[in-house]
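Working notes, structure below.
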Amino acid sequence: MFLLVCSHTNEAGTRGLSRAPLICGGLAVREAKRWALRVNGADRAVQGEPHVPLLHFLRNDLALNSPKFGCGLGQCGACTVLIDGVAARACAVPVRLAEGRDIVTLEGLAAAGPDPLQVAFVRAQAAQCGYCIAGMIMTAKAFLAVRPDPSEAEVREALRYNLCRCGTHVEIVRAVLLAAEIARADAAAS
Amino acid sequence: MSAPPASRRALLRRGGIIAVVEPRKGAREDDVDIHVCLTAEGRVFAFSGHVDLGTGIRTALAQMVAEELDFPFAAVEMALGDTAETPDQGPTIASETIQVTSRAMRIAATQIRAALLARAASALQCDVAALTLAAGVLSSASGDAVDLSALLANERILLPLAPEAEFKPVERHSLIGTAVPRVDIPAKVEGGFVYVHDVRVPGMLHGRVVRPPYSGLDGGDFVGRSLISVDRLSVADVPGVRAVVVEGDFVGVVAEREEQAAEAALKLKAQWRDFRPPDLSDVAQAIRAHPATPRVLLEKGDVERALGRLETRLDRTYVWPYQMHGSIGPSCAVADFRADGLTVWTGSQNPHRLLKDLALLTGLAPERIEIIRHEAAGCYGRNGADDVAADAALLSKAVGAPVRVQLTREQEHLWEPKGAAQLMEIKGGLGVGATLKAYDFHTWYPSNDAPTLALLLTGRLPNTPSALKMGDRTALPAYDYENMRLTAYDMAPIVRASWMRGVSAMPNVFAHESYIDELAHEAGVDPVEFRLAHIDDERAADLVRATAERAGWTPRTAPRGEGEILRGRGFAQARYVHGNWPGVGAAWSAWVADVAVNRATGEVTVSRVVVGQDTGMMVNPAGVAHQIHGNVLQSTSRVLREEVTFSETTAVASRDWGGYPVLTFPELPAIDVLLVDRQSEPPLGAGESASVPSAAAIANAVFDATGVRFREMPLTPERVLAGLAGAPLAKPAKRETPKTRWRGLGAALAGAASFAAVSFAIAPAMAPIARPDPATWSAATIEHGRQLAALGACATCHTAKDGVAYAGGLALETPFGVVTTTNITPDVETGIGAWSYPAFARAMRDGLHRDGRHLYPAFPYPSFAKTSDADLQALYAFLMAQPAVRQRNVASRLTFPFNLRPLMAGWNLLFNRQRDIAPDPARSAEWNRGRYLVDGLGHCGACHTPRNLLGAERAGAYLAGGVAEGWEAPALTGASLGPIPWSEAEFYRYLKTGASQYHGAASGPMAPVVAELRALPDVDIRAMAAYLASFSPKPPDAEARAAEIEQRTSRAANPATSPIARLYEGGCAACHETGRAAPLFNAGPALGLSSKVSAATPANFVNLLIEGAQHGIGSMPSFAAALDDGQIVDLARYVRARFAPEQPPWRDIETAAANARRR
């Protein structure tokens, strides 16, 4: 085995990012920028290059595990979070586009007690491996915000581009419909 | 959930326990495994070497232990899969956790219960019968509770595991047979669950691997021997890279941050030897041509003789495609290689086998390796989980720090061991009186157990793959054929393959159950009735009857399709048999499938499935139903559309969800599950059975609807359409390697001949000055200059990729050679610090360097010449106020004769004539201002006006569309090819935000231009919009037109009836499909309105696919790794035809793709 250690490892050693611009061969200069994010109601700062997907910062810097890496291409929906209340595929949203916006992950959904979707997903036992579930719930959250009383066909259509491989679809659709019911009942009660 | 509840070793050291143990395989003599352990505090720990793959066995096993022990469910804590904690019980395969593996745990629970009661009886000096144990509470006859802690205090009772035990009778079950909610779901739904992807270790670095080009092949002399070299300088500009690790064909990178590792892996240049992939254009043919060893499984009667005496002879061939697990999360692992050993966190399906692999890979003794098992994304057999664990171990060993390795989507798709293709041939038929006379069944299964990849890539294991005898599952049909011979052909894999849900049984049953349906049809008997007449297994017959009844089955003997949508119903049933031949039977399953077949498009819809299942004792009926749902949906997906595709250059070609589409929510069939009550029978595996009859049930239903038999999977619309037309499905056309073409160069050189005759004037140099003090100018002037620099987008060209602003170094490819932009920071030596204002103004207007050299008109001085003196002064002030950067200019490399700079004088005489822009009094002040901005510093025409052969803007074609850096700069006038003409409002929106709803988003060289324009005052943007819009016809009702286009190009109007349509649907539509109730934050533009799709050439579309978009208001990931060139060509063709049907097809997409890859 041979091991090539790159010549330009930053001088600070192994930890963290080099704040100083990195110059290799007099040409490449790249600077990690500081980004102010608002995540689950709290102000957070991360540092990195502008094109880096939001997903990496949420997971690796803020230790928010619920958004999952699934494809990196926006195809499967496992990384879905809310940005300003709209479903966003965090693997395909560069951090520069998320700055200053309101980001909510599954962890932040239960700020005031469990969300009706979380209650309903447990009640409907809507997970097998569960890897896609955070994305399902966040997509459903954004959808129910615009369609609080959906038909089953509308729920299925709203989840068309969220992939589940274990075949939990039946339970997931049931859970979303149940969540809508719970939310409507809660609204009527309050 | 992340850590084992208590350590085996800690339990064995403490007092106050009673445990059932067994000698630990491969360990010191006195070391034991625990199956179940009860502590004096009333906690119950149960250990299984099997793992939870998302099926809920953590819950079900705890139910069994609690039941037999008579303890509350909540008291039981499970440890699954960690090698240091749990017994080696083999891989979690064949749905055998409940049926086989759990037995030890269940016996152990009864042993502990009995021992506890005996101990209490002896302590209380009473009869065991006088004691009760319920819900974890021991009570005497008088009803007094017996203190558990006193009973077990300071004791360490280790009972050897008994071979047998009597389990609690079913009528006393209070937990088994109930739908206990799964213990893992709350954390999964709240976000607290820790998957292997979420493991973080202090000091952890991030790794990525670079896989060889022979995607998904693990046999052949090139495997492990193909790497020629790795160019480590190719990642020199990626920050944070700690190591590039190479061993044999194993290549990996380690970086401080994940995105750095990802970038380095993409950029790392490696040279590989050529290899020849197997020809998989015809899977059946490929299997036939592959060496195989026949193994006769069963011979009954005299098949040869019977075959000669049939009344109806039916010989049939069935073909199953390669399929993939397609785990939703690509595999991931963390490894920490230290001086004292190795710890690996993994989602492996078989941690104990992985441990042996890692010992071989690293040379460590097995006892120095510990594997901690976490749940991962669901796998349905052997996926990339073990591969990535070995990758992480190698990388961690190389850098001496913990390393997390995440495979990419493409790597998981390409390299996961596939579910093998399979070929089944049946010779047989009916005897006199429609008897089952002869059945000669042959099955070819090219698969093994897929050795861990790193072992092959590093040469630790030979690249000559072995065969595995696993093709015989459910090779025995359910029917009593008088004369029967079954032959399995054991063979090494063609493509890397291993077990996948319904291993070899799903294809075998597709053949058995299609064939019996054909026989029933030949006999003129209803297929259910025919089956019942020949089944000799009573439980199977009961299930067939119950399922048919539940579905409301009505007898049918002939297909009866009419109309455009043909409806049909099919039946199939089987018992999944696993393990070495003749194997162990898991649950029985029977399907009634209802389908609708669209005669026009070939689309098959499975509208309803009734599934009956006899699982024996169900530990958790809700869990069983859940598994049945999962099996029905996944197998329907496999039957209707799943098929791994191959290319002639890379072997496996399915790299993402476009290339390997799976069933989506709107396609779900209604599912009705019938669970047969057999709680007093032993439990049977439930994880795979309901997949097994799927293909035959659906194919039989399609026959019922159409009268056409389909004997090859999957039932894609194109296969069905071909079948309905009575034609075989065309095999994919062979692709030619794109050739680069050089065009137009000759013409350009011919034009240059006349050009050479023009004057050779040389301009004088202007004297250098000392760098002006920025304090000379007011802040307002510098600010104004900043806006002008933004308008001119000076930084866009005068900044190298990732370079310092204005320091130059960007290489611009022109038809005349490469022009490299120069340093325009005020550095005296390398920049323009020594330039006086007159020298600067002369350069801007006349295209002359301070020293008198001619500049090339890639620098758009003919436009800049139209700028007012006041504005040029402000721009000069701004540039002089910038930080001076010392960076030498790189010489431009132009082709002859353009490399002769003096020739530019003649060029200028010809083309740089119109200098001042006189305001047009007939137009508004705003229009005139817009013109000044657009034609002057804005230099829009430099890209958007076509150029003549000498590189000047062509007369009479103002803003009619040009090119820039390999991108097409679309027409901004009436010549625009978009379906909706530009309006003032849309120009404004586009220039302001970088996107227009009716034209799409800025990308390529336009993206940084829009970014620069943010510096401009709003009135100037409005003026530019007003001016530009004056060249377009007045738009029609844009909103109505857009709605009409979106409707016409929608998914609903364009069913996905070809592989490439499905590639679009799976790969692109998530972001680009319009009309969604809740659109995505990162929804892409409507392609029916995008100027990239209506453009004259495919350049912009293809460039965007390859490069992605990382500037401007939007973003799009690069698809360079997800799509091969062939897929890009097909996709471009498809998108053009669907979204711009009024435009002619694009030509030369191959060249555009090759050009885009080169950039």
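Heads up: the protein sequence lines correspond to chains A and B, in order. When the count follows the working numbering, it moves up by one through the first sequence with no breaks and lands on 190 for the last residue. When the count follows the working numbering, it moves up by one through the second sequence with no breaks and lands on 1349 for the last residue. From the three backbone atoms N, C-alpha and C, an ideal C-beta is built for every residue, glycine too.
Does proline 376 of chain B come out as helix, strand or coil in the three-state DSSP assignment? Taking the second sequence and counting its residues from 1, one reaches residue 376 of chain B at position 186. Three-state result, proline 376 of chain B: helix.
For asparagine 821 of chain B, which residues in chain A fall below 9 Å Cβ to Cβ? Position 631 of the second sequence, counted from the first residue, corresponds to residue 821 of chain B. Those are Gly167, listed as they occur along chain A.
Can you grab the Cα-Cα spacing for the pair cysteine 987 of chain B / alanine 1312 of chain B, in whole Å? On the second sequence, position 797 is the one that residue 987 of chain B refers to. On the second sequence, position 1122 is the one that residue 1312 of chain B refers to. Those two C-alpha atoms are separated by around 30 Å.
Where do the N-terminal and C-terminal ends of the beta strand (DSSP E) with isoleucine 959 of chain B fall, by residue? Looking up residue 959 of chain B in the second sequence gives position 769. Note, isoleucine 959 of chain B: premise wrong, no beta strand (DSSP E); not H, not E.
Anything in chain A within Cβ reach of lysine 378 of chain B, meaning under 7 Å, just list it in chain order. Numbered from its first residue, the second sequence carries residue 378 of chain B at position 188. The answer, in chain order, is Ala127, Gly130 and Ile133.
With 8 Å as the C-beta to C-beta threshold (strictly closer), list the residues of the stretch 1253-1276 of chain B near chain A in chain order. Correct list: Gly1256, Gly1257, Ala1259, Ala1260, Cys1261, Glu1263, Arg1266, Ala1267, Ala1268, Pro1269, Leu1270, Phe1271 and Asn1272.
Pull out every residue of the stretch 1028-1048 of chain B whose Cβ sits closer than 8 Å to any Cβ of chain A, in chain order. Of all residues in the stretch 1028-1048 of chain B, none places a beta-carbon less than 8 Å from a beta-carbon of chain A.
Give me the chain B residues within the contact set of glycine 72 of chain A, using Cβ-Cβ distance strictly less than 7 Å, ordered along the chain. Here the question's residue 72 of chain A lines up with position 72 in the first sequence. Think of a sphere of 7 Å around the beta carbon of glycine 72 of chain A: the chain B residues whose beta carbon falls inside it are Thr598, Arg599 and Pro1307, in chain order.
Take every Cβ of the stretch 123-135 of chain A, pair it with every Cβ of the stretch 153-164 of chain A, and state whether three or more of those distances are shorter than 8 Å. Because the criterion of three Cβ pairs below 8 Å is met, the stretch 123-135 of chain A and the stretch 153-164 of chain A touch.
Whole angstroms are fine: how far does the CA of arginine 909 of chain B sit from the CA of arginine 931 of chain B? The residue you call residue 931 of chain B lines up with position 741 of the second sequence. The residue you call residue 909 of chain B lines up with position 719 of the second sequence. Its pLDDT being 33, under 50, arginine 931 of chain B is placed unreliably by the model, and nothing is read from it.
In terms of alpha-carbon separation, which member of B:Gly553, B:Leu626 and B:Met268 lies closest to leucine 500 of chain B? By one-based count along the second sequence, residue 500 of chain B stands at place 310. Measuring from the Cα of leucine 500 of chain B, the nearest candidate turns out to be B:Leu626.
Which parts of the stretch 1132-1190 of chain B are runs of the alpha helix (DSSP H), unbroken and 4 residues or longer, counting only runs that do not cross its ends? Here the runs fully enclosed are 1174-1183.
Which same chain residues end up closer than 7 Å to threonine 168 of chain A when comparing Cβ atoms and leaving out the 5 residues on each side of it in sequence? If you number the first sequence from 1, residue 168 of chain A lands on position 168. Around threonine 168 of chain A: Ala126, Ala127 and Gln128.
Within 10 angstroms of the Cβ of glutamate 857 of chain B, are there 16 or more other Cβ atoms? Answer buried if so, exposed if not. As a working mapping, residue 857 of chain B is identified with position 667 in the second sequence. Buried, since its Cβ has 16 or more Cβ neighbours within 10 Å.
Strictly by DSSP, which residues pair up with serine 521 of chain B? To locate residue 521 of chain B, count along the second sequence from 1; it is residue 331. In the DSSP assignment, serine 521 of chain B is bridged to no other residue.
Under 9 Å by beta carbon: chain B residues contacting asparagine 194 of chain A: Residue 194 of chain A cannot be examined here, being either before or after the span of chain A that is shown, 1 to 190.
When the distance is taken between beta carbons, is isoleucine 224 of chain B closer than 7 Å to alanine 200 of chain B? The residue given as residue 200 of chain B occupies position 10 in the second sequence. The residue given as residue 224 of chain B occupies position 34 in the second sequence. At the C-beta level, alanine 200 of chain B and isoleucine 224 of chain B stay beyond 7 Å of one another.
With 16 other Cβ atoms within 10 Å as the buried cut-off, status of aspartate 186 of chain A: Working through the first sequence from its first residue, we reach residue 186 of chain A at position 186. Around the beta-carbon of aspartate 186 of chain A, fewer than 16 other beta-carbon atoms lie within 10 Å, marking it exposed.
Helix, strand or coil: how does DSSP classify threonine 642 of chain B here? Residue mapping note: residue 642 of chain B aligns to position 452 of the second sequence, counting from 1. It is coil, neither helix nor strand.
Pairwise C-alpha distance: glutamine 824 of chain B and glutamine 1187 of chain B: For the purposes of this step, residue 1187 of chain B is taken as the residue at position 997 of the second sequence. For the purposes of this step, residue 824 of chain B is taken as the residue at position 634 of the second sequence. Distance between the alpha carbons of glutamine 1187 of chain B and glutamine 824 of chain B: 38 Å.
Alpha carbon to alpha carbon, how far is glycine 70 of chain A from proline 1307 of chain B? Here the question's residue 70 of chain A lines up with position 70 in the first sequence. Here the question's residue 1307 of chain B lines up with position 1117 in the second sequence. Each residue's CA atom was taken as its position, placing glycine 70 of chain A and proline 1307 of chain B some 14 Å apart.
Strictly under 7 Å for the Cβ-Cβ distance: is phenylalanine 57 of chain A near chain B by that measure? To locate residue 57 of chain A, count along the first sequence from 1; it is residue 57. At least 7 Å separates the CB of phenylalanine 57 of chain A from every CB of chain B.
If you count every other CB in all the chains shown that lies within 10 Å of the CB of isoleucine 418 of chain B, and 16 or more means buried, which is it? Counted from its first residue, the second sequence places residue 418 of chain B at position 228. Sixteen is the threshold: since fewer than 16 other Cβ atoms of the shown chains lie within 10 Å of the Cβ of isoleucine 418 of chain B, the residue is exposed.
Please return the same chain residues whose Cβ sits closer than 6 Å to the Cβ of alanine 175 of chain A, not counting the five positions on each side in sequence. What you label residue 175 of chain A is simply residue 175 of the first sequence in a count that begins at 1. Only residues of its own chain outside the window of five on either side were considered, and among them Ala120, Phe121, Ala124 and Ala126 have a CB closer than 6 Å to the CB of alanine 175 of chain A, listed in chain order.
Residue interval of the beta strand (DSSP E) (run including serine 779 of chain B): Position 589 of the second sequence, counted from the first residue, corresponds to residue 779 of chain B. Going by DSSP, serine 779 of chain B is part of the beta strand (DSSP E) stretching over 774-788.
Alpha carbon to alpha carbon, how far is glycine 982 of chain B from alanine 942 of chain B? Give it in angstroms, no decimals. Within the second sequence, numbered from 1, the residue matching residue 942 of chain B stands at position 752. Within the second sequence, numbered from 1, the residue matching residue 982 of chain B stands at position 792. Summary for alanine 942 of chain B: the model assigns pLDDT 36, below 50, so the residue's position carries little reliability; its value from the coordinates is reported in the next sentence. Rounded to the nearest angstrom, the two C-alpha atoms are 29 Å apart.
By how many angstroms is the C-alpha of arginine 506 of chain B removed from the C-alpha of serine 66 of chain A? Residue 66 of chain A sits at position 66 when you count from the first residue of the first sequence. Residue 506 of chain B sits at position 316 when you count from the first residue of the second sequence. Computed Cα separation, rounded: 49 Å.
Could you tell me which whole alpha helix (DSSP H) segments of length 4 or greater appear in the stretch 651-734 of chain B? Correct list: 695-713 and 717-724.
Rounded to a whole number of angstroms, what is the C-alpha to C-alpha distance between cysteine 6 of chain A and glycine 516 of chain B? For the purposes of this step, residue 6 of chain A is taken as the residue at position 6 of the first sequence. For the purposes of this step, residue 516 of chain B is taken as the residue at position 326 of the second sequence. Because the pLDDT at cysteine 6 of chain A is just 37, under 50, the model does not fix this residue reliably, and the value given afterwards should be weighed accordingly. Roughly 35 Å separates the two Cα atoms.
Output, in sequence order along the chain, the residues in the stretch 79-103 of chain A whose CB is closer than 7 Å to any CB in chain B. Listed by position along the chain: Ile83, Val86, Ala87, Ala88, Arg89, Ala92, Val93, Pro94 and Leu97.
Does the stretch 970-980 of chain B touch the stretch 1057-1072 of chain B, meaning 3 or more C-beta pairs lie closer than 8 Å? The stretch 1057-1072 of chain B makes contact with the stretch 970-980 of chain B, as at least three CB pairs between them are under 8 Å.
Reference isoleucine 684 of chain B, options B:Arg466, B:Leu585 and B:Pro429, closest by Cα: On the second sequence, residue 684 of chain B is found 494 positions in, with the first residue counted as 1. Minimum Cα distance to isoleucine 684 of chain B is reached at B:Arg466.
Helix, strand or coil for arginine 931 of chain B? Go by DSSP, reduced to three states. By 1-based counting over the second sequence, the position of residue 931 of chain B is 741. Because arginine 931 of chain B sits at a pLDDT of 33, beneath the cut-off of 50, its placement in the model cannot be relied upon, and the point is left open.
Curious, which full-length beta strand (DSSP E) runs of at least 3 residues does the stretch 1211-1255 of chain B contain? You should have found no qualifying run.
Span separating the alpha-carbon of valine 379 of chain B from that of glycine 135 of chain A: Against the second sequence, residue 379 of chain B aligns to sequence position 189. Against the first sequence, residue 135 of chain A aligns to sequence position 135. Their Cα atoms are separated by approximately 10 Å.
Cut-off 6 Å between Cβ atoms - residues of its own chain near alanine 1216 of chain B, not counting five sequence neighbours on either side: The residue given as residue 1216 of chain B occupies position 1026 in the second sequence. Glu1116, Trp1117, Gly1120 and Glu1174, listed in sequence order.
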